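Notes follow once the structure below has been shown.
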């Protein structure tokens, strides 16, 4: 932690290099929250018994989006939303395809596990090196993201036996996209003092814990987590 604090002191939040990298990282978190909002609305139509809770979660995601938009304005940075939409395109397309086929389990794995764990990992690594304004915003957001992760965990745990095969297939198709995304953003994250190795480690911890909470064994988790790791 001391190393991170020292690193934080050296960051020039007003430098052209920092702002250029931030324009893409900020766009990614804004787009990620928008994707999450849209995904929870879609899920609310698939899981009508949980409609009210899912709509509540979707509204929370919009608040997060507005918070991160304010972070960009604070640094006078225009987020590169075109980059961010392309960044999420793989997961976005897979979620939409699964939703159209009524594959709730796949949708929950993509949104409530992969995207939420990705977000939590990124926010955990970002908070120690963020500017003061963004740190306060992100600390508030990350606390609420755990409740979104928890929704997926609880639902999938309750339906684990009948969901296991689809979860494994959805993991095989979507987890490699996470490693591709991390590679794509490695240079910009480094400029913001967020190292890829730390992001990968935190994501794997969050994702592994989520899989464990659902009902997968340690051996299962090691096997499921290995998909796409060779590209990291």
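Residue numbers (our numbering): 66 to 297. Ideal Cβ positions, reconstructed from N, Cα and C, are used throughout, including at glycine. Note that the structure is a prediction, hence the values are computed from the model and not measured.
If I follow the unbroken alpha helix (DSSP H) through residue i, where does it start and stop?
i           : result
residue 131 : 116 to 139
residue 294 : Residue 294 -> no alpha helix (DSSP H), and no H or E assigned at all.
residue 241 : 225 to 249
residue 146 : 146 to 152
residue 100 : 81 to 111
residue 260 : Looking at the DSSP string, residue 260 is not in any alpha helix (DSSP H), and its letter there is neither H nor E.
Among residues of its own chain, excluding the 5 on either side of residue i, which ones have a beta-carbon nearer than 6 Å to its beta-carbon?
i           : result
residue 107 : 164
residue 109 : 116, 119 and 120
residue 149 : 92, 93 and 96
residue 263 : 190
residue 298 : This structure cannot settle anything about residue 298, because the visible part of the chain is limited to 66 through 297.
residue 98  : 126, 129 and 130
residue 178 : 217 and 275
residue 66  : Only weak support is given to the placement of residue 66: the predicted model assigns it a pLDDT of 44, under 50, and the value that follows is read from those uncertain coordinates. If we look at residue 66 and ignore the five residues flanking it on each side, it has no Cβ neighbours.
residue 272 : 182
Looking only at its own chain, which residues have a Cβ that is under 7 Å from the Cβ of residue i, when we skip the five neighbours before and after it?
i           : result
residue 86  : 253, 256 and 257
residue 238 : 159
residue 280 : 222 and 225
residue 278 : 218 and 222
residue 203 : 188, 191, 192 and 195
residue 230 : none
residue 206 : 129, 132 and 188
residue 142 : 84, 87, 88 and 91
residue 144 : 88, 91, 92, 95 and 137
residue 233 : 289
residue 246 : 152
residue 78  : 140 and 196
Since residue i contacts residue j with CB under 8 Å, what's their CB separation in whole angstroms?
i           : j           : result
residue 81  : residue 136 : With a Cβ gap of about 18 Å, residue 81 and residue 136 do not count as contacting.
residue 112 : residue 169 : 6 Å
residue 140 : residue 196 : 7 Å
residue 250 : residue 90  : 7 Å
residue 289 : residue 248 : The Cβ separation is near 20 Å, so there is no contact.
Would you check whether the ligand FAD has a heavy atom nearer than 7 Å to the C-beta of residue i?
i           : result
residue 195 : Absence of the ligand FAD from the depicted structure is noted, as is the absence of any ligand whatsoever, leaving it without description.
What does a CB cutoff of less than 8 Å around residue i pick up in its chain, not counting 5 residues either side in sequence?
i           : result
residue 180 : 97, 100, 101, 104 and 156
residue 286 : 273, 276 and 277
Legend entry - Three-pair Cβ contact test at 8 Å for the segment 261 to 270 versus the segment 156 to 175: no
Inset, instruction - Indicate whether the contact test is met: 3 or more Cβ pairs, each with one atom in the segment 179 to 193 and one in the segment 86 to 99, closer than 8 Å. - result: yes
Legend entry - Entirely enclosed beta strand (DSSP E) segments - the segment 159 to 201, minimum 3 residues: none
Inset, instruction - Would you check if the segment 130 to 145 and the segment 154 to 162 touch, i.e. whether three or more CB-CB distances between them fall below 8 Å? - result: no
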